[in-house]
Structure formats: C-alpha cells, structure tokens
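>
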Amino acid sequence: MVAEEMAILPGMEELANLLYIVRYQVVCLIGQLRGWKSLEKQRGEGEAK
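Note that our numbering has the sequence shown beginning at 15, numbered continuously upward.
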C-alpha cells in the first residue's frame with residue numbers, strides 16, 4: 015500500500031492517517047449535502063402537487 019511506503023519517512027505515517035481522516039470527513043459531508051438536496055427536491059415536488 016502507499017501508506018506503508020510513505021511510513022519509511024519520519025512523520026509520514028501520521029500525515030497519511032490525517033489525510034485519510036480528512037478525506038473520510040469530506041466524503042461524509044458531501045453525502046449529507048446530497049441527501050439534504052434530494053430531501054429539498056422531494057419536499058418541493060410534494061408542494062407542487
């Protein structure tokens with residue numbers, strides 16, 4: 015894996031873990047935004063009917 019190769023340099027393992035956590039949080043945030051937009055769209059269609 016890339017993380018194992020980066021671990022050769024001091025401090026790179028912590029950086030890789032931090033990047034992984036940040037990426038996970040961004041994915042969760044994007045998922046929440048998409049869910050919120052789809053909820054708003056459903057709500058808007060419900061009002062139109």
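Even for Gly, the Cβ is constructed at its ideal location relative to N, Cα and C.
1. Alpha carbon to alpha carbon, how far is Gly45 from Arg57? Give it in angstroms, no decimals.
2. Hey, how far is the Cα of Leu32 from the Cα of Arg48?
3. Taking the straight line between their C-alpha atoms, what separation do you get for Leu53 and Leu43?
Considering the structure as presented:
1. Along the sequence shown, one-based indexing puts residue 57 at 43. Along the sequence shown, one-based indexing puts residue 45 at 31. Roughly 18 Å between the two C-alpha positions.
2. In the sequence shown, counting from the first residue as 1, residue 32 sits at position 18. In the sequence shown, counting from the first residue as 1, residue 48 sits at position 34. Each residue's alpha carbon lies about 24 Å from the other.
3. The residue you call residue 53 lines up with position 39 of the sequence shown. The residue you call residue 43 lines up with position 29 of the sequence shown. If you take the alpha carbons of Leu53 and Leu43, they lie about 15 Å apart.
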